[in-house]
Amino acid sequence: MPKKFSPELRDRAVRLVYERQAREGGPRAESIRAIAPQLGVGLEALRIWCNRYGPTEPVTGRGESLEEENRRLRRELAEAHRANEILKAASGFFRRGTRPPHDEMIRFIDARRDQFGVEAICRVLSATECGFITSRGYRAAKARPASARALRDEALLPEIRRIHSENYSVYGVRKMHHAMRRAGWDVGRDQVARLMRAAGLQGVRRGRKPVTTRPAQVPDARPDLVERRFTAEQPNRLWVADITYVRILAGFCYVAFITDVCTRKIVGWAVAATLHTEGLPLLALEHALLTSGAVRSQSGLIHHSDRGAQYVSLAYSAALITAGVTASVGTVGDSYDNALAETVNGLFKAELIHSQRRIWESTEAVEIATMGWVHWWNHDRLHEALGYRTPAEVEASYTHPMTTAPATV
0 MPKKFSPELR DRAVRLVYER QAREGGPRAE SIRAIAPQLG VGLEALRIWC
50 NRYGPTEPVT GRGESLEEEN RRLRRELAEA HRANEILKAA SGFFRRGTRP
100 PHDEMIRFID ARRDQFGVEA ICRVLSATEC GFITSRGYRA AKARPASARA
150 LRDEALLPEI RRIHSENYSV YGVRKMHHAM RRAGWDVGRD QVARLMRAAG
200 LQGVRRGRKP VTTRPAQVPD ARPDLVERRF TAEQPNRLWV ADITYVRILA
250 GFCYVAFITD VCTRKIVGWA VAATLHTEGL PLLALEHALL TSGAVRSQSG
300 LIHHSDRGAQ YVSLAYSAAL ITAGVTASVG TVGDSYDNAL AETVNGLFKA
350 ELIHSQRRIW ESTEAVEIAT MGWVHWWNHD RLHEALGYRT PAEVEASYTH
400 PMTTAPATV
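And the structure:
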């Protein structure tokens, strides 16, 4: 005898079939085969009920839901990637831990609106602890006429970038402030700091000094005449010398500098593929004696170095004696005994070798670059120890007498 199902039971069976199909996906027949035995309904009867009493709208199955979910997840992933890129681009702002100045936020959006979009930039950065301008605030600011400060910033920013670039891109705020003033711009230090942040400019820091000279294996009786007092009343009274190295494709090359303590001028330098005395420190010494020969005192010049084998060698000692220069050496293993020379080495590495972000191809490439850097160091670089003057200016002040204070470390 056939079973009798009430309309309520029939409607429930149909509903369960369609709900399963929407939940699990697949053809309707599969859901009918799954539901019918559980309700005690024949397969054919349930199929007829579904055709006759089922919903007229197409069922949104799991296949469509997965596609929509995949699209949603792809959108969310793209938005997360964009937010991450925005935060990376703005990391310079939030390193200070405070809300960026208004005009800097405007310039940041101007520079990146085509890449990220105004709404996305403002939404992502407004959620940070420091806060950010809203998209409405940005559009209102763009609608207002440019302020006098904004117009002046537009004129100053190209000069900031030019002067920074012309000085090996190594100047920090203090030197940039003095360089801008020397160039004729009436700017304050805080203003320079703000403009450098806006332009993404910063100075470089000197790293630690590597060991290049090897201590001599034989006793050396020459005294330390400097005793860490790196001051001189006049040029060519005290020179300091040291050697550093540069990594190149074939291994290493070596650079020797001799610096005048009073003027901070690099009076002699040399670059060589080896540490041999004749090819490196002696060449630097010959260069120093040549460039300073016209003004060097006939007596009283002290040459100070560490106790590296190159500097206590017979050849180097003979060259000093022949030139009438008194040798002075620091103690073994104490970098403070030759601190000024090591400072020069460190600045050379930071300002030229490492700041170029390149692999130096050869000794010749390092030599050419060093020649340009030494000329800049002597004639253009501002030295804090010299009152933000150049070594050439200080040297000229002694050649043409005027009141000046000797440099100190």
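In numbering that gives the first Met the number 0, the protein residues as written are 0 to 408.
Idealized CB from N, CA, C, for every residue including glycine.
Since this is a predicted model, take the numbers as computed values, not measurements.
Counting only the Cα atoms, residue 80 lies some 15 Å from residue 70. The C-alpha of residue 117 is placed about 59 Å away from the C-alpha of residue 290.
Note that the C-beta distance between residue 281 and residue 314 is below 8 Å. In the DSSP assignment, residue 252 is bridged to 245. Of all C-beta pairs linking the segment 232-241 to the segment 195-202, fewer than three are shorter than 8 Å, placing the two stretches out of contact. Look at residue 290 here: in three-state DSSP terms it is helix.
In the three-state reduction of the DSSP assignment, residue 381 falls in the coil class. Rounded to whole angstroms, residue 279 and residue 310 show a C-alpha spacing of 10 Å. Taking 8 Å as the upper bound for CB-CB distance, residue 300 and residue 167 are not in contact here, some 30 Å apart. Counting along the chain, residue 177 sits inside the alpha helix (DSSP H) bounded by residues 172-181. For residue 123, the uninterrupted alpha helix (DSSP H) run begins and ends at 117-125, by DSSP.
Taking the Cα of residue 275 as reference, the smallest distance to any Cα among 308, 266, 49 and 159 is reached at 308. Ranked by Cα distance from residue 380, the options 273, 164, 14 and 13 are led by 164.
Apart from sequence neighbours up to five positions away, the residues of its chain that approach residue 368 with a beta-carbon distance below 7 Å are 351, ordered along the chain.
Looking at the DSSP output, residue 110 bridges to nothing. As DSSP reads the structure, residue 258 sits in a beta bridge with 239 and 265. Checking the DSSP bridge columns, you'll see residue 271 partnered with 253. At the C-beta level, residue 305 and residue 329 come within 8 Å of one another. The three-state reading of DSSP puts residue 326 in strand, counting E and B together. Its Cα nearest to that of residue 348, the residue 244 stands out among 271, 272, 302 and 244. Take the alpha-carbon of residue 389 and the one of residue 83: they are about 44 Å apart. By the Cβ test, the segment 34-54 is in contact with the segment 5-17, since at least three Cβ pairs between them sit closer than 8 Å. With a cut-off of 8 Å on Cβ pairs, the segment 155-162 is in contact with the segment 178-191, counting three or more such pairs. By the beta-carbon neighbour count (other beta carbons within 10 angstroms, threshold 16), residue 174 is buried. Comparing alpha-carbon positions, the option among 142, 127, 144 and 122 lying closest to residue 134 turns out to be 122.
As computed with DSSP, residue 304 is found in a beta bridge with 328. When DSSP states are grouped into helix, strand and coil, residue 184 belongs to the coil group.
For residue 355, no alpha helix (DSSP H) segment is defined, and its DSSP state is neither H nor E. In the DSSP annotation of this structure, the continuous segment of the alpha helix (DSSP H) that includes residue 345 starts and ends at 338-347. Following the DSSP letters along the chain, one finds residue 23 inside the alpha helix (DSSP H) bounded by residues 6-23. Counting along the chain, the unbroken alpha helix (DSSP H) around residue 31 starts and ends at 27-38. Bounds of any alpha helix (DSSP H) do not take in residue 231, whose DSSP letter is neither H nor E. Residue 146: not part of any alpha helix (DSSP H); DSSP gives it neither H nor E. Per DSSP, the continuous alpha helix (DSSP H) segment holding residue 392 begins and ends at 390-398.
Here residue 227 has 335, 336 and 338 as same chain residues with Cβ atoms under 8 Å from its own Cβ, once five neighbours each way along the sequence are excluded.
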